[in-house]
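Numbering (my numbering), first residue to last: 4 to 432. This report concerns only the one structure given below.
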Amino acid sequence: MNGHSWNGKGHAPRRKRRSRFVKKNGQCNVYFANLSNKSQRYMADIFTTCVDTRWRYMFMIFSAAFLVSWLFFGFLFWCIAFFHGDLDASGVSGVPITAKPCIMHVNGFLGAFLFSVETQTTIGYGFRCVTEECPLAIMAVVIQSIVGCVIDSFMIGTIMAKMARPKKRAQTLLFSHHAVISVRDGKLCLMWLGWRVGNLRRSHIVEAHVRAQLIKPYMTQEGEYLPLDQRDLNVGYDIGLDRIFLVSPIIIVHEIDEESPLYGMGKEELEMEDFEIVVILEGMVEATAMTTQARSSYLASEILWGHRFEPVVFEEKNRYKVDYSHFHKTYEVAGTPCCSARELQESKITILSSPPPPSAFCYENELALVSQDEDEDEDEVEVGAGLGGSTKEDGGAIQMMEFGSHLDLERLQATIPLDSISYRRESAI
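Now the structure itself:
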């Protein structure tokens with residue numbers, strides 16, 4: 004299987020498909036090897052290292068930091084008491100016993116350790132205390148208090164930053180399993196690559212925007228081989244379509260035009276290609292105002308040609324319902340050209356005439372029409388029950404209509420635009 008470069012020139016054939024650069028769950032399939040001074044680099048940014056580490060290691064560091072500080076200052080207090088003669092009741096150390104010890108009721112290392120814990124945690128049982136007999140002991144208490152405050156601040160800040168990190172928020176941002184290519188709006192030579200994103204939480208993603216990149220091997224004209232060359236896919240940066248209001252699932256669209264890397268790919272070429280499309284959704288978490296990022300990717304084998312996504316938004320009574328059971332489902336669209344957008348442009352083929360004929364009545368319109376008829380039947384029953392009879396009113400929109408023939412139905416279907424009908428019935432799918 005031969006590969007293709009961006010400029011249309013071939014490069015060395017690939018024996019097997021490459022591994023994903025970004026997994027479906029958003030994790031990057033990359034590891035670092037032969038990194039010099041790795042430990043020193045990580046220790047230079049100890050705060051970020053602690054935030055990125057796992058919780059079990061974080062608790063180990065948390066416990067070890069306090070335990071080491073308690074032991075260190077406990078040993079220091081023990082040394083002060085020992086050289087002052089507080090521990091030598093029989094005068095073995097050769098230092099005369101003073102009338103007043105440096106630390107009251109410290110008769111061994113265990114007592115010095117308990118005094119260190121009480122000092123740093125400000126417990127203050129009132130049994131052990133430092134006296135004015137030894138300025139060195141007073142200085143040690145002051146230093147331990149400062150060190151304890153620093154450790155507390157660092158640990159609490161690290162844990163709070165780790166808990167408030169928006170990384171887990173990305174798990175409630177959903178990407179469709181497949182991407183699709185189909186024709187939209189009947190525009191000449193325009194084919195569209197789209198994927199669906201959704202938010203599972205009621206809290207919003209503020210200033211949400213999306214971007215996409217196509218990653219594939221590329222060989223330059225000078226023969227330089229780039230295994231992971233990245234090219235942007237335009238998802239509406241110029242006109243602001245990349246900024247989305249993510250309340251219900253939205254289909255992100257990339258127009259395959261002359262500037263698109265997919266411009267020369269048809270259905271057959273797509274099946275033979277070996278590339279990966281990485282999609283990224285960024286925004287601020289409404290609760291914490293911290294930026295979060297959700298990622299996913301689509302291989303060429305995960306792009307369905309001539310398919311569309313099933314609708315997931317339905318209007319029920321006075322609210323809109325999002326049915327996630329249809330989130331990943333697609334259906335095939337008959338009549339989708341199998342050639343590339345370049346070939347369509349060169350051949351000047353009109354994809355869909357305007358207005359569309361009755362035979363081109365699409366799946367979404369059928370669903371919307373059936374849903375509208377069902378709701379109108381219910382409204383007529385409710386009006387008839389309230390007024391004691393059936394009434395018909397013309398409010399500027401189609402409410403009830405007796406079809407005299409099948410031709411009238413087809414004409415009505417051909418004239419109803421897709422966007423003007425609400426999707427109300429989930430059971431119609």
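Using N, Cα and C, we set each Cβ at its ideal position, and we do this for glycine too.
Does DSSP classify residue i as helix, strand or coil?
i	result
residue 242	coil
residue 324	strand
residue 47	helix
residue 386	Bear in mind that a pLDDT of 45 at residue 386, under 50, signals an unreliable position, so the model cannot answer this.
residue 152	helix
residue 141	helix
residue 39	coil
residue 279	strand
residue 222	strand
residue 293	coil
residue 167	coil
residue 172	helix
residue 132	coil
residue 232	strand
residue 88	coil
residue 30	coil
residue 72	helix
What's the C-alpha gap between residue i and residue j?
i	j	result
residue 37	residue 347	49 Å
residue 177	residue 311	18 Å
residue 163	residue 61	12 Å
residue 90	residue 104	9 Å
residue 241	residue 269	26 Å
residue 186	residue 157	56 Å
residue 120	residue 135	20 Å
residue 42	residue 328	47 Å
residue 106	residue 35	53 Å
residue 435	residue 313	An answer regarding residue 435 cannot be provided, because it is not within the stretch 4 to 432 covered by the chain.
residue 318	residue 336	24 Å
residue 128	residue 51	37 Å
residue 282	residue 32	15 Å
residue 139	residue 116	17 Å
residue 237	residue 308	19 Å
residue 320	residue 22	47 Å
residue 47	residue 118	33 Å
Using alpha carbons as the reference points, say which of the options lies closest to residue i.
i	options	result
residue 122	137, 138, 139 and 147	147
residue 285	213, 335 and 149	213
residue 306	317, 331 and 239	331
residue 243	206, 274, 256 and 124	256
residue 451	349, 343, 326 and 301	Outside the displayed range of the chain (4 to 432) lies residue 451, so it cannot be described from this structure.
Kindly give me the distance between the Cβ atoms of residue i and residue j, rounded to whole angstroms, as I take these residues to be in contact under 8 Å.
i	j	result
residue 210	residue 142	So it is not a contact: roughly 52 Å between Cβ atoms.
residue 461	residue 202	A query on residue 461 cannot be resolved here, the shown segment of the chain reaching from 4 to 432 and no further.
residue 207	residue 276	About 37 Å separates the two Cβ atoms, so there is no contact after all.
message: Taking 8 Å as the cut-off, does the stretch 288-300 touch the stretch 233-250 (at least 3 CB pairs, one atom from each stretch)?
response: no
- prompt: For the 8 Å Cβ check, are there 3 or more pairs between the stretch 218-229 and the stretch 262-281?
  reply: yes
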